[in-house]
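Straight run, no breaks: the sequence shown in the UniProt record's numbering ends on number 232.
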Amino acid sequence: MTKETSAIIQPSNLNFLEQLRENNERNWFNANKPTYLKELANIELFAGELLRLMNVHDVIETPSGKKSLHRIYRDTRFSLDKTPFKTNWSGGFKRAGKSRRGGYYFHIEPGNSFVGGGFWGPNADDLKRIREEIAYDATRLREILNSDLFISNFGQLEGEQLKTTPKGFDADNEAIDLLRYKQFLLRRRFTDEEVLSDDFLYKMNEGFKAMRPFFDYMSEVLSTDINGIEII
Numbered sequence: 001m002t003k004e005t006s007a008i009i010q011p012s013n014l015n016f017l018e019q020l021r022e023n024n025e026r027n028w029f030n031a032n033k034p035t036y037l038k039e040l041a042n043i044e045l046f047a048g049e050l051l052r053l054m055n056v057h058d059v060i061e062t063p064s065g066k067k068s069l070h071r072i073y074r075d076t077r078f079s080l081d082k083t084p085f086k087t088n089w090s091g092g093f094k095r096a097g098k099s100r101r102g103g104y105y106f107h108i109e110p111g112n113s114f115v116g117g118g119f120w121g122p123n124a125d126d127l128k129r130i131r132e133e134i135a136y137d138a139t140r141l142r143e144i145l146n147s148d149l150f151i152s153n154f155g156q157l158e159g160e161q162l163k164t165t166p167k168g169f170d171a172d173n174e175a176i177d178l179l180r181y182k183q184f185l186l187r188r189r190f191t192d193e194e195v196l197s198d199d200f201l202y203k204m205n206e207g208f209k210a211m212r213p214f215f216d217y218m219s220e221v222l223s224t225d226i227n228g229i230e231i232i
């Protein structure tokens, strides 16, 4: 494994994205396709090593680093932005089994790199169940959100929130701040310097590992009813 093709993000991986951002059109991309494929090969290797590390502390259904990656081609059918290509390397890992809830996402882009996870668009039943648990007793969730591990990695819970009280819940509930969430997202950001460091792979894995207490809580909530009886 050479430094030019290794589980380390190379300056050329970011440089290609910067060039693509300045020349986001098909003719340029096709002319530079060999360069793209070379950079992609390193990202695939990086994602494969990341998957290997993640399977130490979780059970991931995604079969390979290559399969985790998102296509660079944008779907522009319903977008005002008609540029044909994404200007980032990104991918996701699916947790195995119905009882393991939450998903992992990674995003590498000059000036905007991060790992993310959580619940982007919970369906109505899941959102109702989460809110029921929070309304009943938010102690455990607050302990997770206020822990040193959570704060040092993610700062605070992110996601779209209602401006009013969700239907069916009490505006005076002491957990009304948490009940307003419609999404439950975690994100740890990285500087370009961190992305290019030799230990970035391990920092990214640490970010994903730090999501587990939150994922374990949500998985337990979404696999039981309000009385704690398993429903899966």
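Glycine residues also receive a C-beta, built at the ideal position from the N, C-alpha and C atoms.
Cβ-Cβ separation, residue j to residue i (assumed contact under 8 Å), whole Å
{"i": "Gly-91", "j": "Ala-47", "result": "6 Å"}
{"i": "Arg-189", "j": "Pro-166", "result": "At roughly 29 Å, the Cβ-Cβ gap does not stay under 8 Å, so Arg-189 and Pro-166 are not in contact."}
{"i": "Arg-101", "j": "Phe-184", "result": "That belief does not hold up - the Cβ atoms of Arg-101 and Phe-184 are roughly 10 Å apart, past 8 Å."}
{"i": "Ile-226", "j": "Glu-132", "result": "5 Å"}
{"i": "Leu-145", "j": "Ile-9", "result": "Between Ile-9 and Leu-145 the Cβ distance is about 30 Å, and since that is not below 8 Å, they are no contact."}
{"i": "Gly-103", "j": "Asp-192", "result": "No, Gly-103 and Asp-192 are not in contact; Cβ-Cβ is about 25 Å, not under 8 Å."}
Residue i (DSSP reduced to helix, strand or coil)
{"i": "Val-59", "result": "coil"}
{"i": "Ile-231", "result": "coil"}
{"i": "Gly-159", "result": "coil"}
{"i": "Gln-19", "result": "helix"}
{"i": "Leu-80", "result": "coil"}
{"i": "Ser-152", "result": "helix"}
{"i": "Ala-138", "result": "coil"}
{"i": "Arg-100", "result": "coil"}
{"i": "Glu-132", "result": "helix"}
{"i": "Thr-35", "result": "helix"}
{"i": "Glu-49", "result": "helix"}
{"i": "Met-1", "result": "Below a pLDDT of 50, predicted positions are generally treated as unreliable, and Met-1, at 45, falls in that range; the measurement from the model is reported next regardless. Note: Met-1 maps to coil in three-state DSSP."}
{"i": "Glu-25", "result": "coil"}
{"i": "Ser-12", "result": "helix"}
{"i": "Ser-68", "result": "helix"}
{"i": "Ala-41", "result": "helix"}
{"i": "Asn-30", "result": "helix"}
Cβ-Cβ distance between residue i and residue j below 8 Å
{"i": "Ile-72", "j": "Phe-85", "result": "yes"}
{"i": "Leu-178", "j": "Leu-141", "result": "yes"}
{"i": "Gly-207", "j": "Val-115", "result": "yes"}
{"i": "Gly-96", "j": "Glu-61", "result": "Residue identity check: residue 96 is Ala in the sequence provided, not Gly. Yes, Cβ-Cβ distance for Ala-96 and Glu-61 is below 8 Å."}
{"i": "Leu-222", "j": "Asp-137", "result": "no"}
{"i": "Leu-162", "j": "Glu-49", "result": "no"}
{"i": "Asn-123", "j": "Glu-109", "result": "no"}
{"i": "Glu-160", "j": "Arg-187", "result": "no"}
{"i": "Gly-117", "j": "Met-211", "result": "yes"}
{"i": "Gly-65", "j": "Leu-53", "result": "no"}
{"i": "Thr-76", "j": "Asn-24", "result": "no"}
{"i": "Ser-219", "j": "Ser-99", "result": "yes"}
Residues bridged to residue i (per DSSP)
{"i": "Trp-120", "result": "Trp-120 is not bridged to any residue."}
{"i": "Thr-224", "result": "Glu-230"}
{"i": "His-107", "result": "Ser-90 and Phe-114"}
{"i": "Arg-95", "result": "Ile-60"}
{"i": "Phe-85", "result": "Tyr-73"}
Contact with chain C by residue i, beta-carbon distance below 8 Å
{"i": "Met-218", "result": "Included in the structure is just one protein chain, with no chain C present."}
Discussion item. If we require 4 or more residues per run, which alpha helix (DSSP H) segments fall completely within the segment 166-225?
Written reply: 176-179, 192-195, 200-209 and 212-222
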